[in-house]
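In my numbering, the protein residues as written are 2 to 280. First up is the structure itself, then whatever we jot down about it.
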Ligand SMILES: Nc1nc2c(ncn2[C@@H]2O[C@H](COP(=O)(O)OP(=O)(O)OP(=O)(O)O)[C@@H](O)[C@H]2O)c(=O)[nH]1
Ligand SMILES: [Mg+2]
Ligand SMILES: [Zn+2]
């Protein structure tokens with residue numbers, strides 16, 4: 002049988018085969034091969050006499066994210082906010098670039114607009130080429146605009162802890178309640194409310210991974226300098242139009258088409274910072 006891992010926790014995997022949900026363990030061969038099955042993986046399972054399953058094969062991945070740890074996703078839904086916690090654009094830009102590099106579509110949702118309209122973030126991201134929405138997981142504002150963009154897709158939610166990922170899952174699927182936490186309490190203990198990755202089937206045939214918030218972005222491989230600019234979608238029309246071949250679009254570069262384009266300074270600043278990291 003084949004199925005999809007919807008949950009991975011302490012060495013046990015929940016596999017949805019379409020007809021049943023099996024609790025599985027993975028054969029030792031994966032450890033030998035250095036493969037750890039992930040939520041989102043398409044797997045082959047055999048059923049054991051006791052009703053559990055064994056994962057015997059993991060299909061080749063289309064893509065994978067390390068943080069959140071999930072494979073084969075169509076869309077990364079990134080949550081931002083100008084209330085508490087306030088989103089730092091650099092963290093978003095790094096995550097967006099990593100997703101684009103892996104060929105994953107990115108949708109940006111500025112949450113908590115009932116507390117802060119998020120106009121600064123909307124200004125930065127409106128010209129990036131990524132679908133950009135705003136609203137509130139609490140009041141439901143903006144949710145109807147999000148639905149058609151994610152229908153029938155496998156999505157992962159990401160964004161710093163307390164930004165409202167679990168609350169948004171609840172807003173997208175009112176038939177369930179998702180464990181949300183108080184921002185102050187959680188930040189105080191330095192812990193996340195959502196501790197493991199789980200793919201949940203929501204309405205409109207959405208398969209969604211609510212993930213623990215990221216406080217660090219370790220585990221992302223660095224994007225090679227020559228490929229970084231292409232991971233900023235709004236830079237793309239400029240590429241190939243700089244005076245010098247191999248232009249890295251740095252400050253002070255003459256004849257650079259990126260430098261001359263109306264790119265938001267915050268995005269350009271993030272590009273430079275990531276470029277320094279990758280050199
Ligand atoms: N006012 C307001 N509060 C919100 C909104 N979205 C979420 N919250 C609140 O913010 C707090 C944190 O929300 P969560 O959904 O737990 O945040 P999270 O992103 O899942 O956090 P982690 O699981 O720790 O990564 C909760 O108290 C939510 O009720 C919103 O749009 N407006
Ligand atoms: Mg959560
Ligand atoms: Zn250039």
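Note that beta-carbon positions come from the ideal geometry of N, C-alpha and C, so glycine has one too. Note that the structure is predicted; figures quoted are calculated from it, not measured.
Would residue i pass as a contact of residue j if the rule is Cβ separation under 7 Å?
i           : j           : result
residue 115 : residue 135 : no
residue 41  : residue 60  : no
residue 125 : residue 267 : yes
residue 166 : residue 75  : no
residue 35  : residue 18  : no
residue 117 : residue 83  : yes
residue 229 : residue 275 : yes
residue 78  : residue 108 : yes
residue 244 : residue 256 : yes
residue 64  : residue 104 : yes
residue 242 : residue 262 : no
residue 150 : residue 132 : yes
First and last residue of the beta strand (DSSP E) that includes residue i?
i           : result
residue 10  : 3-10
residue 48  : 43-48
residue 210 : 207-211
residue 142 : Residue 142 -> no beta strand (DSSP E), and no H or E assigned at all.
residue 27  : 22-27
Using the rule of at least 16 other Cβ atoms within 10 Å of the residue's Cβ for burial, across every protein chain shown, is residue i buried or exposed?
i           : result
residue 280 : exposed
residue 20  : exposed
residue 129 : buried
residue 119 : buried
residue 33  : exposed
residue 169 : buried
residue 95  : buried
residue 127 : exposed
residue 99  : buried
residue 39  : buried
residue 85  : exposed
residue 145 : exposed
residue 7   : buried
residue 140 : exposed
residue 67  : exposed
Provide the residue span of the alpha helix (DSSP H) that contains residue i, from first to last.
i           : result
residue 273 : 266-279
residue 94  : 90-102
residue 157 : That residue, residue 157, is in no alpha helix (DSSP H); its beta strand (DSSP E) goes 155-159.
residue 259 : 258-261
residue 31  : 30-34
residue 105 : Premise fails: residue 105 is in no alpha helix (DSSP H) and is neither H nor E.
residue 229 : 226-229
Closest to residue i by CA distance: which of the options is it?
i           : options               : result
residue 156 : 122, 111, 121 and 200 : 200
residue 152 : 269, 13, 244 and 206  : 206
residue 30  : 92, 58 and 167        : 58
residue 174 : 161, 162 and 208      : 208
residue 26  : 98, 47 and 18         : 47
residue 281 : 90, 81 and 149        : As displayed, the chain neither begins before 2 nor continues past 280, which places residue 281 out of reach and without an answer.
residue 52  : 244, 23 and 90        : 23
Could you tell me whether any Cβ in chain D is nearer than 7 Å to the Cβ of residue i?
i           : result
residue 174 : No chain D appears in the structure shown, which is made up of a single protein chain.
If you measure from each residue's Cβ to the nearest non-hydrogen atom of ligand 3, which ones come out under 5 Å, in chain order? 243, 248, 250, 257 and 259
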